[in-house]
Ligand code: PMP
């Protein structure tokens, strides 16, 4: 049997990480993998997570199974964080999942289960795991235009035109904030227009929110998903705690399914729990428990929010420094988009050849589509990157 397996292409970002590790050059800069790093290049454990872990170690009395949906207190805390009071609680079904990826996977399986014909529409470009999981599940997928290579902003007209082609019952996957890989995001006024099109065509929105708190703030970053959830009859939401709680390896996420009416919720809740059981029974608990402790304890929550805000403002300062350094060196405003983008990533908008040149000549590593992890920079390396970009003639 095993000889029938086909070798799979290596993950490009993991291969890039490997090449970076093996590069002997001093001063090499890693803008590749999508984890937050502080100015020292470290992905720290957040203070509130450390504090919650200490308390948990002292007070946890059992490691017996939780429920198939995970601890309901985690779902409640995450619904509160992501949706606030935008949707009637009684309409929302939610289960804990292994990370945001687990939530996306479960969401896709739910779609396939109830409507195998449904096409899932993805932004062009999107996080590569979206199409990869859909293809693995043999689900129909399509793309809508999203990124404008000229302006490095959103091709909003193209996006609306493509979304108008969506069939009733199809699913449209949207990044709730901090678009990965481009960093280009819709304004709230544009979200309202997108929602109007989705309503008109009868599409089901599936919002992937993996960077709440990394863009304009915790509340601000949730504004779009709240608008979608409150204005569409039905909606799926995959939320990840990997980035904003810095608990990548704990695999903590949640899938929410919002039914049109509260009487649809028990069916959705039971179906999500059933899906968990088919795939892994009980979702991981450790990270979810820490998140719940933080979100429900005022002091821990205040400290977490303060640290998250430091992270957010640090990335924003790097964006502004990079944009102004490039403006000074190139004598043009063409890199102004870097300060407009939000989240951990920006797509520089150059060719794979240029990306390779930056790696070969300057030991600067970014993903082949020219996605840069802004958190891979610090105040000292920003001028080095800016000089390299200008030298390369980008
Ligand atoms: N969605 C997007 C757009 C992402 O960038 C990520 C993380 N790279 C995720 C979902 C899920 O991350 P995780 O499974 O680590 O929570």
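Numbering (the working numbering), first residue to last: 69 to 462. For each residue, glycine too, the CB sits at the ideal point set by N, CA and C. Note that the coordinates shown come from a computational prediction; the quantities given were computed from them, not determined experimentally.
ask   = By Cβ distance below 6 Å, which residues in the same chain neighbour residue 253 in space, the five residues on each side in sequence not counted?
value = Looking up residue 253 in the chain shown gives position 185. Result list for residue 253: 247, 410, in chain order.
inquiry  = For a test of the three-state rule: what should DSSP assign to residue 211, helix, strand or coil?
reply    = On the chain shown, position 143 is the one that residue 211 refers to. The answer is strand: DSSP assigns residue 211 an E or B state.
query = Do three or more CB pairs link the segment 160 to 167 to the segment 134 to 146 at distances below 8 Å?
reply = yes
task = Would you mind stating whether residue 240 and residue 186 have Cβ atoms separated by less than 8 Å?
result = For the purposes of this step, residue 240 is taken as the residue at position 172 of the chain shown. For the purposes of this step, residue 186 is taken as the residue at position 118 of the chain shown. The answer is no: Cβ separation not under 8 Å.
request  = For residue 49, verify whether its CB is less than 7 Å away from any heavy atom of the ligand PMP.
outcome  = There is simply no residue 49 to check, as the chain begins at 69 and stops at 462 in what is shown.
request  = Thinking residue 435 and residue 80 are a contact (beta carbons under 8 Å), I'd like their distance in whole angstroms, please.
outcome  = Numbered from 1 along the chain shown, position 367 holds the residue referred to as residue 435. Numbered from 1 along the chain shown, position 12 holds the residue referred to as residue 80. Right, the Cβ-Cβ distance comes to about 7 Å (below 8 Å), so this counts as a contact.
ask   = How long is the line joining the alpha carbons of residue 191 and residue 251, rounded to whole angstroms?
value = Numbered from its first residue, the chain shown carries residue 191 at position 123. Numbered from its first residue, the chain shown carries residue 251 at position 183. The straight-line gap from Cα to Cα measures roughly 13 Å.
message = Could you check if residue 195 belongs to the surroundings of the ligand PMP, using beta carbon to heavy atom distance under 7 Å?
response = Your numbering for residue 195 matches position 127 in the chain shown. Yes, the ligand PMP has a heavy atom inside 7 Å of this Cβ.
inquiry  = Do residue 215 and residue 193 count as a contact pair if the criterion is CB distance below 8 Å?
reply    = Mapped onto the chain shown, residue 193 falls at position 125. Mapped onto the chain shown, residue 215 falls at position 147. Taking 8 Å as the Cβ cut-off, residue 193 and residue 215 qualify as a contacting pair.
inquiry  = For the structure I just gave you, are there three or more beta carbon pairs, one from the segment 414 to 424 and one from the segment 347 to 362, closer than 8 Å?
reply    = no
query = Skipping 5 residues on each side, what residues in its chain have a beta carbon closer than 6 Å to that of residue 398?
reply = Counting from 1 along the chain shown, the entry for residue 398 is found at position 330. Excluding positions up to five away in sequence, the list reads 458.
task = Pull up the distance between the alpha-carbon of residue 270 and that of residue 331, whole angstroms please.
result = In the chain shown, residue 270 corresponds to position 202, counting from 1. In the chain shown, residue 331 corresponds to position 263, counting from 1. Approximately 21 Å, taken between the alpha carbons.
inquiry  = Please report the straight-line C-alpha distance between residue 160 and residue 174, rounded to a whole angstrom.
reply    = Here residue 160 refers to the residue found at position 92 when the chain shown is read from its first residue. Here residue 174 refers to the residue found at position 106 when the chain shown is read from its first residue. Cα to Cα, residue 160 sits roughly 16 Å from residue 174.
ask   = Does the ligand PMP have even one heavy atom less than 7 Å from the beta-carbon of residue 409?
value = Indexing the chain shown from 1 puts residue 409 at position 341. Because no heavy atom of the ligand PMP lies under 7 Å away, the Cβ of residue 409 does not count as near it: no.
request  = Have a look at residue 352 and residue 461 and give me their C-alpha separation to the nearest angstrom.
outcome  = Position 284 of the chain shown holds residue 352. Position 393 of the chain shown holds residue 461. Going from the Cα of residue 352 to the Cα of residue 461 covers about 48 Å.
inquiry  = I want to check one thing, is the minimum distance from the CB of residue 356 to the heavy atoms of the ligand PMP below 7 Å?
reply    = Here the question's residue 356 lines up with position 288 in the chain shown. Outside the cutoff, so no.
ask   = Going by the CB atoms, is the gap between residue 423 and residue 438 shorter than 8 Å?
value = Along the chain shown, one-based indexing puts residue 438 at 370. Along the chain shown, one-based indexing puts residue 423 at 355. In contact: residue 438 and residue 423 (Cβ atoms closer than 8 Å).
request  = Could you name the residues of the same chain whose beta carbon sits closer than 7 Å to that of residue 301, not counting the 5 residues immediately before and after it, in chain order?
outcome  = As a working note, residue 301 is residue 233 in the chain shown. Cβ neighbours of residue 301 beyond the five flanking positions: 328.
ask   = Taking DSSP as the reference, what is the three-state secondary structure of residue 135?
value = Taking the chain shown and counting its residues from 1, one reaches residue 135 at position 67. Looking at residue 135 - three-state DSSP - the assignment turns out to be coil, as it is neither helix nor strand.
task = State yes or no: is the C-beta of residue 295 within less than 8 Å of the C-beta of residue 260?
result = Reading the chain shown from its first residue, position 227 is the one you call residue 295. Reading the chain shown from its first residue, position 192 is the one you call residue 260. Contact flag set, yes.
task = To the nearest angstrom, report how far apart residue 170 and residue 343 are at their CA atoms.
result = Looking up residue 170 in the chain shown gives position 102. Looking up residue 343 in the chain shown gives position 275. Whole-angstrom Cα-Cα distance: 11 Å.
ask   = Cα-Cα, which of 147, 433, 334, 255 is closest to residue 364?
value = Here residue 364 refers to the residue found at position 296 of the chain shown. The shortest Cα separation from residue 364 among 147, 433, 334, 255 belongs to 147.
ask   = Is it the case that the CB of residue 276 approaches a heavy atom of the ligand PMP more closely than 7 Å?
value = For this step, residue 276 is matched to residue 208 along the chain shown. Yes, Cβ of residue 276 sits closer than 7 Å to a heavy atom of the ligand PMP.
message = Checking 8 Å against the spacing of the C-beta atoms, do residue 281 and residue 380 come in under that value?
response = Here residue 281 refers to the residue found at position 213 of the chain shown. Here residue 380 refers to the residue found at position 312 of the chain shown. Closer than 8 Å, so yes.
key: Boundaries (first-last residue) of the alpha helix (DSSP H) holding residue 240   = Along the chain shown, one-based indexing puts residue 240 at 172. It is not in any alpha helix (DSSP H) - residue 240 instead sits in the beta strand (DSSP E) that spans 239 to 243.
inquiry  = Considering only the alpha carbon of each residue, which of 453, 452, 445, 455 lies closest to residue 104?
reply    = The residue given as residue 104 occupies position 36 in the chain shown. Minimum Cα distance to residue 104 is reached at 445.
task = Would you list the one or two residues that DSSP bridges to residue 303?
result = Taking the chain shown and counting its residues from 1, one reaches residue 303 at position 235. DSSP output for residue 303 lists 326 as bridge partner(s).
task = Taking residue 265 as the reference, give the member of 132, 275, 347, 235 with the closest Cα.
result = For the purposes of this step, residue 265 is taken as the residue at position 197 of the chain shown. Closest option to residue 265, Cα to Cα, is 235.
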